[in-house]
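Trainee: What follows is a single structure, and I will ask about it in a moment.
Residue numbers (this note's numbering): 2 to 390.
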């Protein structure tokens with residue numbers, strides 16, 4: 002503890018540090034015409050390049066394909082039927098039974114949280130087909146299984162392969178990470194639920210959980226792609242339409258369709274995304290709507306900031322950050338292209354899905370997440386929206 006003589010010095014140090022922090026903030030927030038023009042040019046480049054992105058097929062030697070085929074689908078593929086399809090779904094959707102290794106957050110989290118996640122009663126009144134509790138498919142992320150399958154290593158998810166088991170790696174590193182194993186397998190498990198009801202539950206979870214959705218981060222977007230592709234695979238297993246000969250093609254199709262659906266959600270936020278990509282400051286995201294738990298989206302990196310620090314326009318365009326933004330933006334164009342190739346048929350989304358995706362119900366999710374009551378007027382609003390299919 003500092004003594005009386007130290008205190009004035011400490012005040013000076015703190016005052017100087019405060020001045021430096023404020024100076025850095027001023028540099029970031031005072032408009033710089035060159036950086037602003039450059040950010041707009043980079044945005045146009047992102048949009049141009051995103052139109053040309055075509056995800057490649059799942060390699061049949063990747064861990065995801067290999068483990069899925071040999072561990073989870075072997076009995077089904079040897080004798081395809083609705084019965085063996087259901088058994089495969091049960092195997093994929095198995096919850097982790099324990100015991101958990103004491104220093105592993107994922108196994109402990111499975112037993113304490115994800116194996117029994119209550120669905121809010123108000124949500125179930127809107128959608129009676131939803132379960133009272135979601136028993137997430139957590140066995141797939143246990144240490145035993147993780148030894149062979151660390152992530153969904155397919156080209157349809159955004160970002161780099163992130164094989165860390167650190168609980169914060171989802172936010173700090175992004176990319177395809179361990180959590181998508183659980184989200185994908187849970188999508189398979191609950192594929193018997195009506196499509197849009199389950200999609201509403203998927204999106205509602207991401208908005209309630211709020212782990213980077215407000216900052217266009219890869220983790221929540223990958224979660225949704227994984228869940229929807231899992232849902233599609235689950236329906237095909239129940240129908241026994243998958244064979245050894247079309248397994249790779251079916252998986253590719255499931256992920257492609259999932260990307261299209263998620264792209265339709267991001268399209269509703271396109272103006273917000275454009276502002277985000279050209280912003281002078283990094284987006285401060287809130288974790289689980291907690292104002293005291295925040296983090297900077299994309300670790301504080303921005304296109305504007307790179308240009309402001311003197312990075313050349315060409316180097317910014319070729320940067321890893323911009324390349325990842327191109328992958329993100331590509332989802333929007335995939336949704337547009339899907340509709341164009343299907344006689345301009347709109348992608349199926351309920352009004353509730355679109356309202357959630359646009360952020361119209363953020364205040365409701367914030368109140369629920371923080372344990373606050375939701376005004377009756379907003380209950381009526383949500384009910385009215387939910388009735389419009």
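Even for Gly, the Cβ is constructed at its ideal location relative to N, Cα and C.
(1) Please classify residue 49: does DSSP put it in a helix, a strand, or coil?
(2) Among residues of its own chain, excluding the 5 on either side of residue 153, which ones have a beta-carbon nearer than 7 Å to its beta-carbon?
(3) Checking 8 Å against the spacing of the C-beta atoms, do residue 328 and residue 159 come in under that value?
(4) Hey, quick one: how far does the beta strand (DSSP E) through residue 285 stretch, first residue to last?
(5) According to DSSP, which residues form a beta bridge with residue 1?
(6) Return yes when the Cβ of residue 330 is within less than 8 Å of the Cβ of residue 51, no when it is not.
(7) Take residue 212 as the anchor and find which of 38, 286 and 96 has the nearest alpha-carbon.
(8) Just list the alpha helix (DSSP H) runs in the region 246-334, keeping only unbroken ones of 4 residues or longer that don't cross its boundaries, in chain order.
(9) Using the Cα positions of residue 173 and residue 209, report the straight-line distance between them to the nearest angstrom.
(10) Below 8 Å on the Cβ atoms is my guess for residue 43 versus residue 317; work out the distance and round it to an integer in Å.
(11) Might you give, ordered along the chain, the residues of its own chain that have their beta carbon closer than 6 Å to the beta carbon of residue 142, omitting 5 neighbours on each side?
(12) So who's on the other strand from residue 177, going by DSSP bridges?
(13) Whole angstroms are fine: how far does the CA of residue 67 sit from the CA of residue 75?
(14) Tell me which same chain residues have a C-beta within less than 7 Å of the C-beta of residue 128, skipping the five on either side of it?
(15) Taking the alpha carbon of residue 270 as the point to measure from, which residue in 314, 309, 216 and 167 has its own alpha carbon closest?
(16) Apart from the five residues just before and just after residue 92, which ones in its own chain have a Cβ nearer than 6 Å to its Cβ?
(17) Check residue 65 in the structure and name its three-state DSSP category.
(18) Where does residue 371 sit, in a helix, a strand or coil, going by DSSP?
(19) Spell out a yes or no on whether the region 366-379 and the region 279-297 are touching, meaning 3 or more CB-CB pairs, one atom from each, closer than 8 Å.
(20) Rounding to the nearest angstrom, what Cα-Cα distance links residue 356 and residue 341 in this structure?
(21) For residue 294, collect the residues of the same chain with a Cβ closer than 8 Å to its Cβ; drop the 5 residues on either side in sequence, then sort them by chain order.
(22) Leaving out five residues on either side along the sequence, give the residues of the same chain with a beta carbon under 7 Å from the beta carbon of residue 278.
(23) Report the rounded CA-to-CA distance for residue 95 versus residue 349, giving the unit in angstroms.
(24) By the three-class DSSP mapping on this structure, what secondary structure does residue 101 have?
(25) Starting from residue 240 and walking both ways along the alpha helix (DSSP H), at which residues does that stretch end?
(26) Can you check whether the CB of residue 239 is closer than 8 Å to the CB of residue 81?
(27) Can you tell me where the alpha helix (DSSP H) with residue 214 in it begins and where it stops?
(28) So, are the CB atoms of residue 309 and residue 33 less than 8 Å apart?
(29) Where do the ends of the alpha helix (DSSP H) carrying residue 106 lie?
(30) Do residue 249 and residue 79 have their C-beta atoms within less than 8 Å of each other?
(31) Tell whether a beta-carbon distance below 8 Å holds between residue 333 and residue 268.
(32) Nearest-angstrom Cα distance between residue 233 and residue 86?
(33) May I have the straight-line CA-CA distance separating residue 77 from residue 236, to the nearest angstrom?
(34) Under 8 Å, do residue 166 and residue 220 count as touching if we go by C-beta distance?
(35) Could you check if residue 114 is buried or exposed, using at least 16 other CB atoms within 10 Å of its CB as the buried criterion?
Mentor: In this structure, then:
(1) helix
(2) 65, 177, 181, 182, 185 and 227
(3) yes
(4) 285-288
(5) An answer regarding residue 1 cannot be provided, because it is not within the stretch 2 to 390 covered by the chain.
(6) yes
(7) 286
(8) 248-268, 271-278, 304-309 and 314-318
(9) 20 Å
(10) 6 Å
(11) 107, 179, 182 and 183
(12) 162
(13) 11 Å
(14) 198 and 201
(15) 216
(16) 73
(17) helix
(18) coil
(19) yes
(20) 23 Å
(21) 287 and 288
(22) 44, 47, 304 and 326
(23) 30 Å
(24) coil
(25) 219-240
(26) no
(27) Careful: residue 214 lies outside any alpha helix (DSSP H) and carries neither H nor E.
(28) yes
(29) 106-110
(30) no
(31) yes
(32) 13 Å
(33) 14 Å
(34) no
(35) exposed
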